[in-house]
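Here is the structure we will look at.
There are 2 protein chains.
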Amino acid sequence: MGMSKDKKKIYKPSPISGFPEWLPEVRMVEQQWLDHIRRTFESYGFASIETPAVEELNVIAAKGEDVDKEIYVLERLQASEDEKGDARLALHFDQTVPFARYVAMHFNDLVFPFKRYQMQKVWRGERPQAGRMREFYQCDIDIINPDNLPISFDADMPAIIWETLTSLPGMENENIQIRVSNRKILQGMMKTLGVEDSQTLFRTIDKHEKLIKSEFDNLLTDEIQKLSDTEKKTALLGKIISNFLKQGELVKNSKNVEEQIKKLKNLFLEDIEIKEFGFDKTYFEGLDELIQVLESLSHLPEGAVVADLSIVRGLDYYTGTVYETVFVDDPTYGSICSGGRYDDLAGSYINKHLPGVGISIGFSRLFDRLRNEGKLPISRKCPTDVLILPPRDEDEIANMKRLERILRDKGLNVEVAHGKKLQKQMAYAEKKGIPFVWFAEDGQVKDMMSGEQESADAASWNPYKEH
Amino acid sequence: MGMSKDKKKIYKPSPISGFPEWLPEVRMVEQQWLDHIRRTFESYGFASIETPAVEELNVIAAKGEDVDKEIYVLERLQASEDEKGDARLALHFDQTVPFARYVAMHFNDLVFPFKRYQMQKVWRGERPQAGRMREFYQCDIDIINPDNLPISFDADMPAIIWETLTSLPGMENENIQIRVSNRKILQGMMKTLGVEDSQTLFRTIDKHEKLIKSEFDNLLTDEIQKLSDTEKKTALLGKIISNFLKQGELVKNSKNVEEQIKKLKNLFLEDIEIKEFGFDKTYFEGLDELIQVLESLSHLPEGAVVADLSIVRGLDYYTGTVYETVFVDDPTYGSICSGGRYDDLAGSYINKHLPGVGISIGFSRLFDRLRNEGKLPISRKCPTDVLILPPRDEDEIANMKRLERILRDKGLNVEVAHGKKLQKQMAYAEKKGIPFVWFAEDGQVKDMMSGEQESADAASWNPYKEH
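Quick note, the sequences are listed as chains A and B, same order. Mapping the first sequence onto the working numbering, position 319 (from 1) lands on 701, and the numbers just tick up by one. Mapping the second sequence onto the working numbering, position 115 (from 1) lands on 497, and the numbers just tick up by one.
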């Protein structure tokens, strides 16, 4: 033992910014969260998949997203000459690209509609800023089907997410809301006015809650000028988009979903300026889909879901329904669970038309928020239910082994104390939060919470009966 | 939809060698394995921790292991000037280094003896060869305690691993064996003969099952020549080591653990040449510890554990007990679960003496072996127990939602069919392996396996009662 001590060189490690790590008592709640989410996803029939931590850089690049600065690529510390031509590998930055690649690659082995969930860590090589994570869990569900996916699937997502989020340990009293819209509505209005590509407009509107009003207004004005060729059109577009956002506020603030639907049905139908152009059919499709989704969610509690036309999402691949989820009292915190309908996500990798719909919980960010606010039900430092203090008599060890087996077969987690000092063992149980100590020699059990001690028979003992 | 089709550019992705990925039906069994292992580890009181996928390169380097060529370092695809001085990050290649770093860093917040399990993916940037994985799961348990850790903990490891491995789904009929030894025995013999550092000798002997006999003999001869300064000593060392391995074979082939212990107690005591030098106390410590571990494992089935003196492990940090686990009928496949006792694993990061003992299941390699051999109980492609076919009458939808809720509250996984074509829905259930289809309109359930169909009441229905 002295051997290594003499020449000991110590390198004191520091936490790596953006890569969170929890103590066992926090990790235990994290596991409860992951278990609960998995359980709920499976109860709706979603199958688990897991993809490697890495994708070929070409696969990520094929999606054409502007995520270059977030990508971590791998290098072997000692790369040899013969691998210079190998494909470059990058850590995945979300689960959507890997999922799309997975569906394309295993297309012939999957049964459609394919419903999958995926709960893995993802990595984003951002410069670490206040609270920004570079490694975090995402929990995603998606449904994908060749050629055609009924709109009724779009209504499943908010219902599942509502059930999942509101019953997470520690989330019970949080006031959250799922906001739903449909990109086709604004897209249809723009088409009506001769604007074919609304992507940059969506990206701008996506920032409306993150920017202060004057900044947002300036950005929007710039954007509109780029979209129109005459001053008259600029003025009209500006008026219509601002009107759209105002109408959106009115819809959102209606007293319930029935009222929202009623307002949506009449949205802009009386607007003379738009009427002049004649509505594009995309507009009616979008309204109709949004109304269908809302109607299917009427069984959720009031306020759980709201139509919010200002929700558009920043990613290019959404083509219809879009979702965001916010803390009602702190909407600027941003969305904790987002997603939407896409037309052709796997289309970069396979010559098929594969529409789908999906939603993603930003797990680690949500978990860390509740942890910081002291809202997680953190209790024990280990899963042990019973600490057995072994008998002094060596001949009794076989009996103790039987006791261990009986308790474990009941589903209890059991540890046997090593060493002989009673006081030390009791302190161990207390510090780790182990609820019961079993004195094998006397056949007695001590309830560490109440301090009560009594004789117990392993076969009939049920510690959590009255707790 | 046509929009994106016109300009579609397809990048057909290929599997990345060494990064396995499973279809949903295989992943489902993988989850059962992970759940089972976790459940068993927790039933012995081990707490979960998870560390980031990366460590500082300095932390990995501080361990001084020769793993450079296996390390993947991260680079941001677009790194900016201001981060040139940042610590380099590398993907962890095992869970031992991260665990040691974790204990050092969180020392004041942990309760000792600290018992943790860790089940994460690790990465090794090797050139991909036949069957070599570059990303795989490891499942580790370790116990660590400042200054002193009783030897009785060393006996826990094989017992837990035996219970874990033999009840994994698909592993029930595999003939496996845990081989135990203690490095101090050979180390003590070498000390007796004036050889202080046995590390390189351990590394050589570790290869004895991987090499053909002539290769191993040559390697051993070279090694022995390096260790001795006279020809006489070379001859003596050679004779003693070969005698040690022969005696080891005899011990191992004894008919049961009692016989093994008996042989160990007399090991070399009659050897005149060693007697001449006088035995170093390390030798007796090692024998004594090995015998204690074997005696504590007498409750396991015959053949589960065997003393095997040729087991030494290749890693430098082991200082006492060492374990390997093999398929008895295919020992050249190598160890599927290995570990041992270490004196000072976290000592590179903190000025404390922290002895510990641990063992690690090479999860993915084991799983993939059984998968290749067709031994995994692969069945359903999704977790769904019941597929509900909704009623045609819209007014009945509320009743169907109640049915869904009742079934889910029983712990069943339930999917509602979308779309109206009966034949398509039945085909879907069949292809995905969903065991029951519920016709909401008629209140009838069809058992897809037997083909039987009968009326059912949601509240009292119990599908798995008779299965």
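Even glycine gets a Cβ: it sits at the ideal position worked out from N, Cα and C.
Are there any heavy atoms of the ligand NAD lying less than 7 Å away from the beta-carbon of residue i, as far as the coordinates show?
{"i": "E658(A)", "result": "The ligand NAD is absent from the structure shown, which contains no ligand whatsoever."}
Checking contacts by CB at 8 Å: is residue i closer than that to chain A?
{"i": "E797(B)", "result": "yes"}
{"i": "D599(B)", "result": "no"}
{"i": "F659(B)", "result": "no"}
{"i": "K644(B)", "result": "no"}
{"i": "E517(B)", "result": "yes"}
{"i": "I788(B)", "result": "no"}
{"i": "Q413(B)", "result": "yes"}
{"i": "I542(B)", "result": "no"}
{"i": "K587(B)", "result": "First, the amino acid is wrong: residue 587(B) is Ile here, not Lys. Not an interface residue."}
{"i": "K566(B)", "result": "no"}
{"i": "F401(B)", "result": "yes"}
Are the beta-carbon atoms of residue i and residue j separated by less than 8 Å?
{"i": "F518(A)", "j": "V504(A)", "result": "yes"}
{"i": "H681(B)", "j": "K783(A)", "result": "yes"}
{"i": "V739(B)", "j": "Q559(B)", "result": "no"}
{"i": "I525(B)", "j": "P551(B)", "result": "no"}
{"i": "V633(A)", "j": "L618(A)", "result": "no"}
{"i": "E671(B)", "j": "K566(B)", "result": "yes"}
{"i": "D536(B)", "j": "R723(B)", "result": "yes"}
{"i": "M515(A)", "j": "L416(A)", "result": "no"}
{"i": "A689(B)", "j": "S563(B)", "result": "yes"}
Between residue i and chain B, is any beta-carbon pair separated by less than 8 Å?
{"i": "H800(A)", "result": "yes"}
{"i": "R409(A)", "result": "yes"}
{"i": "G507(A)", "result": "yes"}
{"i": "N844(A)", "result": "no"}
{"i": "K394(A)", "result": "yes"}
{"i": "R753(A)", "result": "no"}
{"i": "I398(A)", "result": "yes"}
{"i": "L405(A)", "result": "yes"}
{"i": "E457(A)", "result": "yes"}
{"i": "V441(A)", "result": "yes"}
{"i": "F584(A)", "result": "no"}
{"i": "Q460(A)", "result": "yes"}
{"i": "I453(A)", "result": "yes"}
{"i": "K813(A)", "result": "yes"}
{"i": "K806(A)", "result": "no"}
Provide the residue(s) that pair with residue i in DSSP beta bridges, ordered along the chain.
{"i": "I654(B)", "result": "Paired residues: none, contrary to the question."}
{"i": "K503(A)", "result": "Y519(A)"}
{"i": "D829(A)", "result": "F818(A)"}
{"i": "A689(A)", "result": "V562(A)"}
{"i": "G740(B)", "result": "D524(B), G722(B)"}
{"i": "L850(A)", "result": "Past the boundaries of the shown model lies residue 850(A); chain A is included only from 383 to 849, so the question cannot be answered."}
{"i": "Q629(A)", "result": "Answer is none; Q629(A) lacks a bridge partner."}
{"i": "R498(A)", "result": "A429(A), D524(A)"}
{"i": "Q835(A)", "result": "K828(A)"}
{"i": "I770(B)", "result": "V798(B), W820(B)"}
As a quick exercise: from the options, pick the residue whose alpha carbon is nearest that of residue i.
{"i": "G650(B)", "options": "T574(B), I533(B), G696(B), V436(B)", "result": "Sequence check: residue 650(B) is Phe here, not Gly. When only C-alpha atoms are compared, the closest one is T574(B)."}
{"i": "N440(A)", "options": "V479(A), E631(A), L769(A)", "result": "V479(A)"}
{"i": "I533(B)", "options": "N754(B), L804(B), K806(B), D725(B)", "result": "D725(B)"}
{"i": "D579(A)", "options": "T664(A), E834(A), N638(A)", "result": "T664(A)"}
{"i": "L405(B)", "options": "P845(B), D750(B), D468(B)", "result": "D750(B)"}
{"i": "D824(B)", "options": "S692(B), N555(B), A799(B), P772(B)", "result": "P772(B)"}
{"i": "C719(B)", "options": "A686(B), Q629(B), I543(B)", "result": "I543(B)"}
{"i": "I398(A)", "options": "F423(B), A469(B), G427(B)", "result": "A469(B)"}
{"i": "L794(A)", "options": "Y699(A), W820(A), V675(A)", "result": "W820(A)"}
{"i": "E776(B)", "options": "A822(B), K734(B), N733(B)", "result": "A822(B)"}
{"i": "V827(A)", "options": "E631(A), G685(A), L785(A)", "result": "L785(A)"}
> What residues in the region 831-842 of chain B bring their beta carbon closer than 7 Å to a beta carbon of chain A?
Replying inline: none
>> Please list, in chain order, the residues of the region 699-723 of chain A that have any C-beta partner in chain B closer than 7 Å.
In response: none
> Listed in chain order, which residues of the region 527-540 of chain B have Cβ atoms closer than 7 Å to some Cβ of chain A?
Replying inline: P532, S534, F535
> Name the residues in the region 424-437 of chain B whose C-beta lies less than 9 Å from a C-beta of chain A; which are they?
Replying inline: E424, S425, Y426, G427, F428, A429, S430, I431, E432, T433, P434, A435, V436, E437
> According to a CB-to-CB cut-off of less than 8 Å, which residues of the region 471-500 of chain B neighbour chain A?
Replying inline: L471, A472, L473, R483, Y484, A486, M487, H488, D491, L492, V493, P495, K497, R498
> Name the residues in the region 756-773 of chain A whose C-beta lies less than 7 Å from a C-beta of chain B; which are they?
Replying inline: K763, C764, P765, T766
> Of the residues that make up the region 730-746 of chain A, which ones have a beta carbon closer than 9 Å to any beta carbon in chain B?
Replying inline: S730, Y731, I732, N733, H735, P737
>> Using a Cβ-Cβ cutoff of 8 Å, what residues of the region 666-685 of chain B are near chain A? List them in chain order.
In response: H681
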